[in-house]
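Here's the structure, in structure tokens; my notes come after.
Residue numbers (this note's numbering): 508 to 731.
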């Protein structure tokens, strides 16, 4: 859709191009964190994720930004954000940060404020929840019995893998691209010029409004 692209360009530009193109020396450092099974990233954070036996968190950005980048665990949630109050230069506030995460298990991710999250391996979970807002993107491969997805504000969620059931709600020019996610049952709501693409055997319920569409490529898909 054209509208999400325009909104994304505007949102990302406001965060990343406040002062025009600037070269920044990049530095990578390992962060010591406690155990977690959820991730929350906000404020132009780029997360590269993979499943592994041990937990590691590495952050990459300029030294000035890394000094004020927070990676802390609260109630099982790894929160990644920058302390804007302590960043003196506006150009530092607009820099993209890349965080490399390896963890043995995960049951949910949340991204906001022009952040992106991408998995480099397939995550297996009993239940999994995805939240994306404010021109943010999530791209993951999953094997889960139950999946919950919420996307708003020109955000995109792209999934592959397999799930027994999925509950999806997208709004504000967001897209849900899950044609490569095998599903037995699905409930989908799309509003505000949003599109959902999925492959499910049974579309249990669906609702669209405001120039939104739901596309089911499964030939056996039926509406109950």
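Beta carbons are placed, not taken as given, at the ideal position from N, Cα and C, and that holds for glycine.
Nothing here was measured: the structure is a model prediction, and the numbers come from that model.
For residue 683, which residues does DSSP report across the bridge? For the purposes of this step, residue 683 is taken as residue 176 along the chain shown, with counting starting at 1. DSSP output for residue 683 lists 664 and 703 as bridge partner(s).
Do you know how far the Cα of residue 655 is from the Cα of residue 714? As a working note, residue 714 is residue 207 in the chain shown. As a working note, residue 655 is residue 148 in the chain shown. Those two C-alpha atoms are separated by around 16 Å.
Give the range of the alpha helix (DSSP H) segment to which residue 571 is assigned. Locating residue 571 in the chain shown gives position 64, counting from the first residue. Annotation for residue 571: the continuous alpha helix (DSSP H) segment containing it runs 570-573.
Cβ shell of residue 686 (< 7 Å), same chain only, five flanking positions each side left out: Taking the first residue of the chain shown as 1, we reach residue 686 at position 179. Excluding sequence neighbours, residue 686 sits near 704, 705, 706 and 724.
Taking just the CA atoms, how far does residue 554 sit from residue 574? Counting from one through the chain shown, the residue named residue 574 turns up at place 67. Counting from one through the chain shown, the residue named residue 554 turns up at place 47. Taking the straight line joining both Cα atoms gives about 18 Å.
Over the uninterrupted beta strand (DSSP E) stretch that includes residue 633, give me the two end residues. By one-based count along the chain shown, residue 633 stands at place 126. For residue 633, the enclosing beta strand (DSSP E) stretches over residues 623-639.
Thinking C-beta only, is residue 663 closer than 8 Å to residue 640? As a first step, residue 640 is located in the chain shown; it is residue number 133 there, counting from the start. As a first step, residue 663 is located in the chain shown; it is residue number 156 there, counting from the start. Against a cut-off of 8 Å, the Cβ pair of residue 663 and residue 640 comes out as no contact.
Taking the DSSP output, what are the residues bridged to residue 605? Against the chain shown, residue 605 aligns to sequence position 98. Per DSSP, 553 and 567.
Is any beta-carbon of chain D found at less than 8 Å from that of residue 586? Structure shown: chain D not included; a single protein chain is present.
When DSSP labels each residue in this structure, what does residue 582 get in the three-state scheme? Against the chain shown, residue 582 aligns to sequence position 75. Judged by DSSP in its simplified three-state form, residue 582 adopts coil rather than helix or strand.
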